[in-house]
Amino acid sequence: MKIINVAGARPNFMKIAPLMEAFDAHPDIEPMLVHTGQHYDETMSDLFFRQLGIPEPDINLGIGSGSHAVQTAETMKAFEQVVLDEKPDVVLVVGDVNSTIACGLVAVKLGIKLVHVEAGLRSGDRAMPEEINRVLTDAISDVLFCTEQSGVDNLKNEGVDAAKIHLVGNVMIDTLLKNREKAEQSAILDDLGLQPRNYGALTLHRPSNVDNTETFGRLLNAIGEIQEDLPIIFPIHPRTRKNLPGLGLQDRVDAMANLRLLDPIGYLDFLKLTANATIVLTDSGGIQEETTILKVPCLTIRENTERPITAEVGSNQIVGTDPEAILSAYRNVMDGRRPEPQTPPLWDGQAAQRIAEILSQQA
Ligand code: UD1
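Numbering (my numbering), first residue to last: 1 to 363.
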């Protein structure tokens, strides 16, 4: 079974790594890796390939940045030729980025079986570009692998045939568990002069949070207060970095003495940073899952989540974007008022193995 695996943006790389490893080791599977080039910087892409031991992509489409339509369309045009040349049995896409829907759509239009890993997640918020990518990718996929029961339920509610759906666990957590020990050797805490459990980590990059002066400004009200109490480390996404001066917010950030901005950091440094933090504040999807396994309190600065299990059993709280709500949740965490988090079912490091087994049985 020849499988073209697609990766495009940073959060895809930790999902594709264990899949490539499991497929490489499987006698019945011949994997190929296509990088769309949606993310292309050393720190947004290459570093992840090296640290996670992902094989060099067989093909890099070199798409780069652009509007949603341009990025999606350019990816489709380039990927169509790859599928025509390579004639795979299966195209596998992960997550919810523009590369996911672009390559998925190309595959089904050419009559190639489409597999979606991390299917069924729904925030219910159609203003999120990722939600559109998730709904559309799932609607055209032939095999759908879910990380949590809510994903299975959502797909069934949308009329997806139950025979196509498999609850297999979380490939992103496969990567976390595999690299946890290695990450402990990262020197990031020493380099930044930090003590474990004596700082917070922050990430923000959702367009709904960082593309608008008023919203981003309100978030900075809360962050400003928190950093007076606890040093906050903020590895900053390129789009957020660009927006600060563009939205006239750079001065406010510069004035926060205990808020430290870093350029994007690699996987191992970030894992060490979050694993040892007192608290994590984020609008990311994957970090909600990683902190669940690390049992580090996570405040998700969004009005919704597509990963409800992290809030049901884990250490995640969906606090919204109102500064008072963020501060009140922060104080509760610092007061130590929180239940012992549990591990979601099947988040055990074996998800990619399960996927390889299920796919090989369908050959
Ligand atoms: C994309 C995903 C988002 C994911 C995020 C993780 C979509 C719709 N969004 O958002 O779901 O959470 O990746 O990072 O696919 N840039 C660089 N260097 C890079 C890549 C991007 O500087 O290597 C800058 C460019 O200015 C670009 C901007 O970041 O315009 C945004 O990149 P883009 O890929 O459009 O979306 P993300 O915000 O990264």
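By construction, the Cβ of each residue, glycine as well, lies at the ideal position given by its N, Cα and C atoms.
Judged by pairs of C-beta atoms under 8 Å, the region 169-189 touches the region 11-26, as three or more such pairs exist. For G217, the closest alpha carbon among the candidates D96, G246, L194 is that of G246. Between the region 118-130 and the region 140-158, the count of Cβ pairs shorter than 8 Å is three or higher; the stretches touch. In this structure, P264 is the residue among C103, A257, P264 with its C-alpha nearest to the C-alpha of D46. In this structure, L294 and T274 form a Cβ contact; the two beta carbons are roughly 6 Å apart against a cut-off of 8 Å. D161 and A7 have their alpha carbons spaced roughly 26 Å apart.
Around N170, the same chain offers T147, E289, W347, A351 as residues with beta carbons nearer than 7 Å, after the five sequence neighbours per side are excluded.
In this model, V152 and N98 are separated by some 22 Å (Cα to Cα). When the five nearest sequence neighbours on each side are left out, the beta carbons in the same chain lying within less than 8 Å of the beta carbon of L110 are those of E80, V83, L84, in order along the chain.
Secondary structure of A162 (DSSP, three-state): helix. Placement of the Cβ of V253 at a distance of 7 Å or more from every heavy atom of the ligand UD1 is found. The DSSP-derived three-state label of G314 is coil. For F48, the closest alpha carbon among the candidates S141, A183, A127, V135 is that of A183. With respect to the C-alpha of Y40, the residue from I3, E30, G53, P57 having the closest C-alpha is P57.
Sorting V108, L19, V313, G320 by C-alpha distance to the C-alpha of R302 places G320 at the top.
Put simply, of M1, E130, G349, D251 the residue whose alpha carbon is nearest the alpha carbon of T213 is D251. Taking 7 Å as the cut-off, one finds at least one heavy atom of the ligand UD1 near enough to the beta carbon of H39. Looking at the backbone, the Cα of E225 and that of I232 are separated by about 11 Å. DSSP, read as helix, strand or coil, puts L121 in coil. Around the beta carbon of V70, fewer than 16 other beta carbons sit within 10 angstroms, so the residue counts as exposed. Comparing alpha carbon positions, the residue from V106, A222, N179, I101 closest to K87 is V106. Residue T310 holds the alpha-carbon nearest to the alpha-carbon of V296 among D125, E74, T310. With at least 16 other beta carbons inside 10 angstroms of its own, Q38 counts as buried. I358 sits away from A22, with the two beta carbons spaced by 8 Å or more. When DSSP states are grouped into helix, strand and coil, K15 belongs to the helix group. With at least 16 other beta carbons inside 10 angstroms of its own, G286 counts as buried.
Secondary structure at V319: coil, using DSSP grouped into helix, strand and coil.
Nearest Cα to L52 within the set P323, G266, T300, T343: G266.
Judged by DSSP secondary structure, E290 falls outside any beta strand (DSSP E) and instead within the alpha helix (DSSP H) spanning 286-294. By the beta-carbon neighbour count (other beta carbons within 10 angstroms, threshold 16), E306 is buried. The C-beta distance from V280 to A201 rounds to 5 Å, short enough to fall under 8 Å. In the three-state scheme derived from DSSP, where H, G and I count as helix and E and B as strand, K156 is classed as helix. Residue pairing of E30 in beta bridges, as defined by DSSP: K2. About 5 Å separates the beta carbon of L204 from that of D283, a gap short enough to meet the 8 Å contact definition. Assignment of R126 by DSSP, reduced to helix, strand and coil, places it in the coil class.
In this chain, the alpha helix (DSSP H) harbouring T100 covers 98-109.
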